[in-house]
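Asks:
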């Protein structure tokens, strides 16, 4: 069969690459979950913290569709190639160059099973990360709401809701009024003294 050897070699490499990608996803998600959990334990959780741990690669579903495509190709090769067809040029160091198509297919199926296992782990981690970030966002929103209510309801020392800025302005106004009163008193005193001198003349 023409191109069967080359096709199986490419399929083998594609499955290995997909396995590596899911393994990387698993490590990435576990790391993000660990950092997010540590931040929550320290009380260092803000919207920015959550955003920094966001899952920003292609979704599991997108990559998973490639897995199904490879599975179809794998079975397609099996149906088109006789089970005893010798495979002599599989460019994969893990393969015996004299294996038959049937044996090679069994190896590919085993690798796909490993991918299946990784997919389950990644999906579970992805779900946990989504739940954790959602829960922490809700906590932050609830805390912010509580703080806003407290700020509105908190009385001042005088039993009012006046702000320190308002009291500062009032203090400035009172001081200015006192200065104006002193100026008026001084001016009145000068006028009185001037009138007294003129009458003496």
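In full-length UniProt numbering, the protein residues as written are 1 to 201. Cβ coordinates follow ideal geometry from the N, Cα and C atoms, glycine included. The model shown is predicted, which means the values in this text are computed figures rather than measured ones.
Using CA atoms only, rank isn't needed, just tell me which of 40, 30, 13, 44 is closest to residue 122.
Replies: With distances taken between Cα atoms, residue 122 lies closest to 30.
Asks: In three-state terms, what does DSSP make of residue 44?
Replies: Coil.
Asks: Compute the Euclidean distance between the alpha carbons of residue 180 and residue 46, then round it to the nearest angstrom.
Replies: Straight-line Cα distance between these residues: approximately 52 Å.
Asks: Would you mind giving the Cβ-Cβ distance between residue 23 and residue 125, rounded to the nearest angstrom? I have them listed as a contact below 8 Å.
Replies: Going by Cβ atoms, the distance from residue 23 to residue 125 rounds to 12 Å, so no, they are not a contact pair.
Asks: At the level of alpha carbons, what is the spacing between residue 142 and residue 128?
Replies: Approximately 21 Å between the Cα atoms of the pair.
Asks: Could you tell me the distance, in whole angstroms, from the CA atom of residue 13 to the CA atom of residue 65?
Replies: Roughly 17 Å between the two C-alpha positions.
Asks: Smallest Cα separation from residue 15: which of 134, 110, 120, 35?
Replies: Minimum Cα distance to residue 15 is reached at 110.
Asks: Can you confirm whether residue 66, when its beta carbon is compared against all beta carbons of chain B, has any partner nearer than 7 Å?
Replies: Reference to chain B is not applicable here, since this structure consists of a single protein chain.
Asks: Under 8 Å Cβ to Cβ from residue 17, same chain only, skipping five residues before and after it: list those, please.
Replies: Cβ within range, chain order: n/a, list empty.
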